[in-house]
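Residue numbers (our numbering): -15 to 64. Ideal Cβ positions, reconstructed from N, Cα and C, are used throughout, including at glycine.
Okay, structure coming up:
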């Protein structure tokens, strides 16, 4: 099944090269895959993940993905 994955800021480096352009963020995943499993498959270190959104709503890593889902993952933000 296909989902859209967006890794923001410093996490974008974990996207495969062919999906780094806007609009090319579609990923094929197996039925029953969780957000955490998807991120692990891309070797995203979970200590670098601060916020996860699923279809625009705050989500947990153990949520199961479904066809057409949109996942957004953000690192911690610092500034001052």
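Using only alpha-carbon positions, find the residue among -5, 13 and 16 that is nearest to residue 31.
-5
According to DSSP, is residue -14 helix, strand or coil?
strand
Within 10 angstroms of the Cβ of residue 53, are there 16 or more other Cβ atoms? Answer buried if so, exposed if not.
buried
Please classify residue 35 as buried or exposed, where buried requires at least 16 neighbouring CB atoms within 10 angstroms.
exposed
CB-CB under 6 Å to residue -10, same chain, minus the five flanking residues each way: which ones, in chain order?
9 and 56
Using a 10 Å radius around the Cβ and a threshold of 16 neighbouring Cβ atoms, would you call residue 19 buried or exposed?
It is buried - the Cβ of residue 19 has at least 16 other Cβ atoms within 10 Å.
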